[in-house]
Structure formats: structure tokens, C-alpha cells
Amino acid sequence: MKLRSITLANVRRFTDPVTIGPIGDGVSLLSAPNEAGKSTVLDALTALFFSSHGSTARTIKALQPHSGGRVMVGCEIDMDGALWRIEKQWLGQASAKVWKDGALVHQGDQAEAWLSTLTQSEAGGIGGLLWVRQGQTALASDSKGARAQDELDARRTLLTALSGAVDQVTGGARMDQALSETATELAALQTQTGKPKTGGRWSEAVNDLAQLTEQEAALSAQVDAMRTDIDDRTTAKARLADLEDPQHLEIQKQKLAEAQKNLTDAQSLSERVRDADRKAELARSAARHAQENWDQANARRTDAKDAEEAHHSDTQALAEAKAAFGNAARALDAATADRDAAKAGHDAAEATLRRIDRHLRAEDAKRQRARLTDRLKDAEAAETDRLAQHQIVAMGPSAEVTRKIRALARNAEIAAQAQDAAAPRLTATYEPDAPQVTLAGVPVPEGESRPLPADGQIAVPGIGTLSIQTGADGANAATETAAAALAAELDRGGWADLAAFEAMVRAREEAEANRTRATERRDIIAPDGIEALRTDLAALPADDAQVPQTALPDRAEAEAASTLAARRLEKVEAALTLARNTESKARSDLASAEASARASANRRDLARQAAANLPAEDEEADRALADLKAAADQAAQERDALRATVPDLEGLKAACARLDGIVKEERKEASGLRTRIGELTGRIETRSEEGVEDALSAVRDKLILARKTCDAVAFERDVLERLLGALQTAQRAARDRYFAPIGQELRPLLDDLWEDAELVWSDTTLLPEKLVRRGTNEPLDILSGGTQEQIAILVRLAFARLLAKAGRHAPLILDDALVYSDDARIEAMFNALHRAAGDLQILVLSCRQRAFDALGAPKLAFRPAPES
Amino acid sequence: MAGIRFLHTADIHIGKPFGNYPAADRLRAARHDILPRIARLATEHGVAHVLIAGDLFENPNPAAELWRQAAAVMAEAPVDWWLLPGNHDNLGQSGGTWDGIDRLGHPNIHILRKAAVVAMADGVSLLPAPLMSRRPHEDPTGWMDDAVTPDGHIRIGLAHGSITGFSEGEMPDDVIAPDRAALARLDYLALGDWHGEMEIGARTAYSGAPERTGFQHAGRGGVSLVEVSDAGATPKVTRLETGAFSWHATTLDLVPGDDPEAAIMAALPDGPRRESLVRIVARGRLPLDAAAVLQDIAAAVAPDFCHFELDDSAVKADIAPADLDAIAPSGALRQAAQDLADQAADEERAERDRAVARAALARLYGATRGTAE
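First to last, the sequence lines map onto chains P and A.
Numbered according to this note's numbering, the first sequence spans residues 1 to 868.
Numbered according to this note's numbering, the second sequence spans residues 1001 to 1373.
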């Protein structure tokens, strides 16, 4: 079906009949300003196809103009090779008529039935599917109820024809039920993130298992503790039985008694040993004292002898020290005298050398003074000359005056030359020996041309005087003016004439040269200035008259004598130092010898005194000492013999203590064991009576069941997940297959607008529900208005193409359908419209006249309808 | 000499929790009820002695109420109880249970703490082999060979442990010499530890547990009535059923074409179902619909029994195109079913992974049954 024309009469603003057409294939544009009636066209078409001619519904009344009256809408369609005309009237003389190729074929209800068949099979769905109203961006049309269902059916019919029934492909209600049940059961077990859901069977099984595991661990610990206690008690009981064994106790008692008796015996014997020890100690002490006395007397006698010998030796050493000191003192005196003599000689030589040097410096100063005095004189003379020349320079004409006067002179000369050149000339040719004539008193030589002055006289010897009046006043006046200016300037400087002036100029120039020369001479003689020369002169020694100029040796000779005296002085100084050291050491040795002598005298005196009262050295004393020693040895032998019979007392004590300790420790241990056994028994009985082992067995049994349950639920969860995954995967694949044809039509259209974009389809509405751009899912209702309207149009274009491929052409009508799109997108959409157009019929209604010029489509317009 | 008649039992395991059975309370209660039942049997059969060959208690230190109640029951019965500590209630780990029973001072309760001859009755010597640990590694009956008893005395051995491979798992295998009765000149060696009744020889036998403890031993538990007429005479052993619960474990090998309902019904035991515990392990292959029937039948009969469990994890799904057609002949649902079937058949996947796929497919089959278009 293709629309060829539309006619409206008494429809809203069109009170007079208007028609649009002819409408061709491809894209056509009806561009008109707002309220020109574009939307009225779509409303009228909708009424024509979908509202019965008897309807007085609000939508029909809305088509009536303010003035009222019956509403008429008609159109021509090209279908099945014939031209059909459909026309309806509402709200007065209602009618419906259908013509085929000009012949009325249906009217009234028959016409409505024909239209109903047409719309139900195609146009009903097509209208909603392909007609986009002004401001409609959603994919679903704004139709409701039966119309909406018709539109859905139309899409379903189209896609089913291409891909098969959607239910058959995607599983339909059975698939939905299986998916729903599986998802519900899975959701009862786990959360969306795959964790056990609180309150669900899986969660309960996991929690039960965890609780039982925890209980099992706690009970195991209690059972282990109880069994450890039982083992400990068994061990403790066995040990206690050993400790309390009567035979063991009797043996222990006997051992202790025996050890105590041995200790008592040993202690008695030990007392006797201590007595013998005391006796032996007394004897040993007496012998030791006697020996000490004997040794002391011997030592004192030896000491007295040693002191005598030492004192004698010290006395000799003192005498030697005194002699050495005397020699050293004398040597020091001699060395001191030598040093003094050498020093005097050296001082004299140095004095002579200094006098010679003073004399030499005085001579040098005298020479310098003479030179400086001469330079000063020359410099002062040059300065005097320079000042004189400077004065001359100052008196001469200045350079400016010179330039001025010379310019004036030049002017005067030029004026004179001009006058001269302009003046009549006089050339004399003389007869041989004829006297020369004079012009203005100047003889005129033969053949020489002379200018005649304006007012002059020629003296002709012999003849008289010729007065000249040339009458050349102009040249003469210039000459005179120049000459007057020159004369006035010369007069201002006081120069009589130009020659006097030039003489003064030369004198000045000469004085300037002289002044330069005088300055150069002065600067050469005194480069640092005359004052510097005077200062240098004043710095010279004032008077050298006192320097002796006679009886002084040659300086080299004096210098040699000084060097010789210095060497000698150095030598005697060394000798003096040596002598001093020797004398100092001899003095020190003498003091030491004196101190030693005094000390040894004292020691000798003391030793004599100590030795004075000593007993005599004789055999009786030796015998008494030997007897005492023998008595001490005897006592020691007797003691040692007794000690050898005493047993190891400490060992016996240790044995007693050990046995006593064992008894006490065992009693203590037995007491502790009884307490320990009581404690263990208490704990064991408590746990035993609580039945911890039974509880542990019960928990372990429950654990087995809980693990089985947990495994079973986990298995069930895996099964549900597997099933859900399989169902979803299959459904996705089926949906993809179902929507593949429309997707293929859309692909190039989407590419015109976006890179890497595709649409996700709803198998409920059979319309896109998401736009996927570069992998990101965007629900359509969150997209911008522009994007939504672009998708709405592209989808309709794709459906229209699918219909066309199925041989069911239907017009696509877009009523201001691109209101939100920007300029770039509009152009892209225009491209898409033209790409999709082919043999489709696309009718674009727009109020944006200028913007839609770029659509490049044939333009339609309202025009008065021809009389029918 | 009049000989002797006594009841031989063992492995009562008072205090066993049965925590992995939903009917644990009933199973635990049954263990308490077994002693009065044995006492009544003794009275009925006119015997004066009951020998318990170990493991009267589940643990060495049961809760006080357990051993006190057990002692009270035994004390009231007009028989002598000869109690041998087994491995579960061994002496070494006992903190006070046996001492506690002793302290109660009941003259008819004899706790056999030592491996020493005990005068059991006139002309009868009892040779007990108490255990000191949970896992003894030496034959506790070894001492019996050299045990001296008065001439002409009947020698009754009483021991707990495995012999010729009969072990409940905790005891080391073959601790007790199989020819101990002959070596020690025993007229009868009463054994415990194996929970099923088992005659090892003419003079050696396990009585089994009087109340079963698991599916390993089918049917009901019982005790042995032993009669020894004289020293050297062959004992006469009579089995007396005592168990309140009957235990049954069955394995079903299924192949496509089998009727799962018939198979299950045939495997169910006779007798009162409320006192029966059933475990059915199904193996083999079944189509999806038959596998679903198997589960449905199991779910239907399970409430009749004290305990019923079906383990069909070893049943492989025999997936036929018709099964997949039943889910959906085409479309996405069919594709999902096909994917799961392929995963279940993929030999390169781990067994659990394949089992998950099989179960998912079975679930899908169940979910879509009855919703076919």
C-alpha cells in the first residue's frame, strides 16, 4: 500500500477542501510552519483508517473546525496494482466509501469492513508501527487497548513470518515457568552473589554444620581433657601405691636409722681429732716462734754489716762527686770567657759592616738627590714654557673666528673675482722700450690682461692719466659688501687687515705646537707630576754629612771578617752549653752523693743500735730450736694418724640428709598425689556424669547427617544454577535468532549514527529495550530525547524495510519526529532515511523548513482540492 | 554336676546417639529397653546368668543417668549379670562408670576387671578378658591357656574383639586367636564386638547385638541361650530374637525397561513398617521418566517406615530423544534440555559435574511434565 494523495475538507483549519499529492515513492517532505495543519494530516489519516464513519468520539470531534459541520477525509492508495480511493464523512451525513480505479466498490458498513480487513491485516499494525506522531520518542506508539495489541500483533506477525513463532523459538510460557520456578528455588537457597541466603535451606545447612563442627571441637576438647585426666589419675594412683607400699616404707626407715648412727659415731671421733689438732698446732706454733726469733737476730746482724759497707761506699762516692763538680765549674768559667771574647769580636765586625752600609746608602742618596733636582728643574722649565705658549694661544684668534674670517675673506675674493671677470679688461701692447702704463698705480706688463676697475685711473707715462668709469655698479657693490663684512670682522678682532689676521693665526698655531711639545717634555721628565718629583726629593735622607767617609775597609772584606767572627761565636756558644750541662750534672751528682752519704750514715747508726742487744750466736741456741721443731713434728704425726681413722663426716651427713629428704619428699609427694587424685576424680566424674562422650558421639553422628545435608543442598544449588544457566543461555540464543532479521535491517542504520552499537530486544513487547554502545547497556528510557527519537525512527525504518521485503509496502509517516536531534544527527538521520528509502514511501512532516531543506526530498504542499 | 545355662549377649551400646537418623529418639530408647527384655527372657528360659561380652555402653564414660538406669534394671532382675568391659567401655578410659556401678553394691552385678578366673557358679569357672583400651593390639584371651581352674569345672571364656575378620571397624583385625577355645580348653568362648550373630566354631560364637545398630546386619537383633551340660560337652546354642527394630538394606540394579515401582515394592521388607528401617541403593540406568517414578515411589512409601532412604546417585540417566521431546520438541527449552543432556554424556567432565547436569535435566523434565503444550 502506498499513499498517493490525501484530501481534507472541513477538518480543523481546513474549512475549504485541500489536498496533498501526488505523493511519490521514496522520501517526500511536507514542510510548513507551526499550525499549518501537518499534524492534522496524520490525525485525519488515523481517523480514516481506524475510526468508523459513525463515530462521534472525542478524536473525531477534535477534527471539527470551530464553525462545526461535517468532517471529510479521503485518500488515494496504490495497492495490488490498482488505485483505490477511500473517503469518510463524520458528524453529519456520515458516510464511508471505497473506489477502485474510479469505480465505487464499497460504501457504508461494507466499506468499513473492507477497511477493517485492511487495517487488521496490515494497516492497523502498520499505523502504530510506522507512523510517528509529533513529539513521540518512545518506540511503542501512544495507542492503548486493542490498538496497542494490534500493533504488537503486527510486529509479532511480521517477525514470526520471518523467524518463527516467538514462543516456539524462545520457549514461551513453559520456558518462562521453568525459568521462574528455577530462579525462585535458587533464590530461596542463595543470594544474588551466590552466598547462602539467610533463612534458606542452604544457609541453615551450612550453619548447622558450622555449629556442629564447633560443638564437636568443644566436646572433643572436653573428652580429650577427661581422658588426659583419667590417664593422669591412673599414673598418679600407681605412683601413690608405690609410695605407700609398706615394704618400701620399712626399708626406707631402716636406711635412715643406720645412716644416723654412722653419723653420730663419726662425729665423736671427729672431736678427738680436733683435740689432737689443737696440740699439734700449739707445738708447731712454739717451734715457729723460736725459728722466727733466730732468723730475726741473724737478719739484724747481717743488716748492720751491710749498712757499714754501704756507708763506706757512699763516702767515697761523695768525694769523687765533689772533685768532678770542681772540674766542671772551672771548665764552665773558661767557656764563658771564650764566649764573651768571641761575642765582642763578632759585635765589632758587625758594627764595621753597618757603618760601611750607612756610608754606601748616603752616597746613593746624594746621587739620587742630584738627579731628582735636575729633573725637577727641567720639568719646571717645561711647565713654564707650556704656560707661556698657552698664554700666546689664548691671545690668538679662536678657531671659530678663524673659520668665520676666512669665510668672509673667501667671499670677498670670490666677489672680487666675479667683479674682475665682469670688468673690461686692459691689455697693453707696448712699443719697444715704451714705458709701462700703470693701472691704479700698478704697472701693466706687456700682453697681460688686467681688469679695469669701475672707477680707476690709468697712468700712461708720457701721456697723462686716463680716468675710467666703467659703470659696472652691481658687481662692485657685491665686492664692496663682502669687503666691508670682512673689514668689519677684522676690525672687531683688532686686526688691521687680513694679513695681520693670518699672522696672528700662524702665531697661535705655532704657540699651540710649542705648548704641546712643552707638555710632552714635562710629562716625560715627571710622568707622575712635578709634585711627585718634589715628594721623592723630600723623601731622600736629609743629611749624609755625618757618615764617616774615611778609615773604612772594603765591604767584602768587612763581610768576610763578620762571617768568621760569627762562626767562632757559634763554636764557643756550643762549648759553653756543653760546659754548663756538665757543670749542672756534676752539681746534681754531688747533691745525690751527699744525700746517699747522709742516708747510709743514718742506716748504719740504726743497724748498730739494733744489733747491740742481740743474743749470742751459739750451739745451745741451735739445740733448743731443734727440740722445739721435733716436738711439733711428733704432735702432727699423732694427729694425722688419728684423722685417718675418721670416716667422711660430710658424706655421712649428706647421706642422712638425702635419706631424710627422700622420706619427707615422698610424704609430701604422696600428700600431693592424694590431693591431685581427688581433683582429677572430681573433674572426671563431673564430665563423666555430664555425658560428654555421649554428647560427642551424638554430635559426630549429627555431623555426618549435617554434612550429607549440606552436600545435598549444595548439590541442589549447583543443579539449579546449572539448569537456570542452561535455560537462560538457550533463551538468549533463541531471542537472538528471533530478532536476527530486524537486527540485520537495523545494523547499517545504526552504523550511520553510532559506532559499535546494537539493540537488545524484549520478547514481550518485541521492541528494543536497551541500547548497547561499546559494551555498555543503557535502558532506552534513560537515553536523551534525541537518541530516543532517533532509535524510534530507525526501528520503524527497519520494520518498514522488513515489510517491504515481505511484499507488504506501507508508508512511513514522520510528523516532526526529529525535534530533539542536533544538526549533526539530523544529517545522519537524513542519510539513514535515504539509505532506507529504496522503494519505500516515507512521508516527512516538518515545521523546520530551513533545516529540512537538507533532507533533499521532493516537497509536498497543501493546495485547494479540485472539485470532485 | 548340673551344667549351666546362660544368656550370651554383647554390644548393647547404651548411649549410642543415632544422630544421623531422623528417628534417633526411638532408636536410642530401644537400647534402654533391651535390658529389661533380656531379663524377661532369662526368667522365661529359667537361666540365672547373663554374660555381656563387652560394649554394654557406647562410651567409657556414659552420662550418669544412663549407667545408673542400666544398673537399676539389672539389679532388679533375678539373674547374675557378668559385665565385661569391651573396647567402647574399656577400663583404661573409664573415669568412674564401672567404679560407680561397683559402689552401688548390687550383689548380682559383677564387673570383670581382671583377666583372672572367677567362680561363676558351682562347677563353673568364668575366664574374662576385659579390655583396657579402645584399640587393643594383643590378644586379651592369651592368658586363658594357662589359667588354672578346679578339675571338672566348666570353663567359660568371655572376650571382646575380632576374630577371623569379624570386626566392626574400630578394633584391629584378628586380635583373638580363632582356636582360643581349644587352646584354653574352654567349653564355650562367648564373644562380643561383631554386631551380627556368628558361630565361629562349636565352642566359639558371637551373639551379635540384641538390638541392631545399623544396616550392616539385617533383620532384628537377638541373644544366644547357651547350655553347657558338663565340662567338655558341646554347648547348645539357641538364638532368641530380642530386637525391637528390623533393619533392611537392599541394592537395586536397574536397566531401561525395568519397572521402578515394582522393583521398589519388591525390595520392601515384610512386617510392621513402623519398626523397620530401610535403605535402598539404586544403581544402573533409567530413562528420565522412570527415574522420576523411582523417586516418586520412594517419596510415597517413605513415611510408612521408621526410616527410609533411597540413594539413587548411582543411577545414570538414560536420556532418549523422546525424553527431550517430552520437555520440548523444539525451541529454546529443547535447546536447554539438549545442552544438559550433552553435558551429562560428556565423558571429559568430572563425575560430579555430569551428575549435576543429569539432575538438572531430570529437574527440567519434572518441571515441564504436565505443562506440555
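C-beta atoms are modelled at their ideal positions from N, C-alpha and C, and glycine is treated no differently.
Query	Result
Beta-carbon proximity check, P:Leu794 vs P:Leu749, cutoff 8 Å	yes
Three-state class that DSSP yields for A:Arg1279 in the structure shown	strand
Sheet register partners of A:Asp1311 (DSSP bridge)	A:Val1281
Nearest to P:Gln368 (by Cα), restricted to the options P:Ala218, P:Pro541, P:Thr264	P:Pro541
Counted within 10 angstroms of its Cβ, other Cβ atoms place A:Met1120 as buried (16 or more) or exposed	buried
Contacting residues, own chain, Cβ-Cβ under 6 Å from P:Leu486 (five flanking each side not counted)	Leu408, Ala409, Ala412
Chain-order list of residues whose beta-carbon lies under 8 Å from that of P:Gln728 (same chain, five-residue window excluded)	Leu179
Contact with chain P by A:Gly1105, beta-carbon distance below 8 Å	no
Local conformation of P:Phe14 per DSSP, three classes	strand
From A:Arg1354, A:Asp1304, A:Arg1349, residue whose alpha carbon lies closest to that of A:Lys1316	A:Arg1354
For P:Tyr820 and P:Ala865, the rounded distance between their alpha carbons	34 Å
A:Glu1211 - DSSP class collapsed to helix/strand/coil	coil
C-beta neighbour in chain A for P:Ala217, strict 8 Å	no
Buried/exposed call for P:Val73, threshold 16 Cβ in 10 Å	buried
Short CB-CB distance (under 8 Å) between P:Val760 and chain A	no
Under the three-state DSSP convention, the category A:Val1255 falls into	coil
Enclosing beta strand (DSSP E) for P:Gln457 [first to last residue]	455 to 460
Residue-level contact to chain A via CB, P:Ile677, 8 Å cutoff	no
Minimum length 3: unbroken beta strand (DSSP E) runs contained in the region 825 to 866 of chain P	841 to 846
Residue span of the alpha helix (DSSP H) that contains A:Met1265, given as start and end	1260 to 1267
Start-to-end residues for the alpha helix (DSSP H) that takes in P:His106	Where P:His106 is concerned, there is no enclosing alpha helix (DSSP H), although the beta strand (DSSP E) it sits in stretches over 103 to 107.
Validate contact between the region 613 to 624 of chain P and the region 357 to 367 of chain P using beta carbons, cut 8 Å, 3 pairs	no
Integer Cβ distance of P:Leu642 from P:Ala276, believed to fall under 8 Å	5 Å
Classification of P:Ser846 by the beta-carbon crowding that lies within 10 angstroms, buried from 16 upward	buried
Host alpha helix (DSSP H) of P:Ser5 (start-end)	Segment 2 to 9 is the beta strand (DSSP E) holding P:Ser5; no alpha helix (DSSP H) there.
Against chain P: residues of the region 1085 to 1116 of chain A by CB proximity under 7 Å	Gln1093, Gly1095, Gly1096, Thr1097
The region 225 to 243 of chain P touching the region 704 to 724 of chain P, judged by at least three CB pairs closer than 8 Å	no
DSSP three-state assignment for A:Ala1064, whether helix, strand or coil	helix
Interface residues of chain A facing P:Ala62 [CB-CB closer than 8 Å]	Within chain A, no residue comes near P:Ala62; the closest Cβ sits about 45 Å away, beyond 8 Å.
Option in P:Ala241, P:Arg13, P:Gly21, P:Val41 with minimal Cα separation from P:Glu669	P:Ala241
C-beta neighbour in chain P for A:Lys1016, strict 8 Å	yes
Straight-line gap, A:Ile1297 to A:Met1265 (C-alpha atoms, nearest Å)	9 Å
N- and C-terminal bounds of the beta strand (DSSP E) containing A:Phe1305	Per DSSP, A:Phe1305 belongs to no beta strand (DSSP E) and is neither H nor E.
Whole-angstrom C-beta distance between A:Ile1319 and A:Leu1364, which should lie under 8 Å	In fact, because the Cβ distance is near 11 Å, the residues do not count as touching under 8 Å.
Proximity to P:Thr40 [Cα-Cα], best of P:Val71, P:Ser52, P:Val27	P:Val71
Terminal residues of the beta strand (DSSP E) in which P:Phe325 lies	That residue, P:Phe325, is in no beta strand (DSSP E); its alpha helix (DSSP H) goes 246 to 395.
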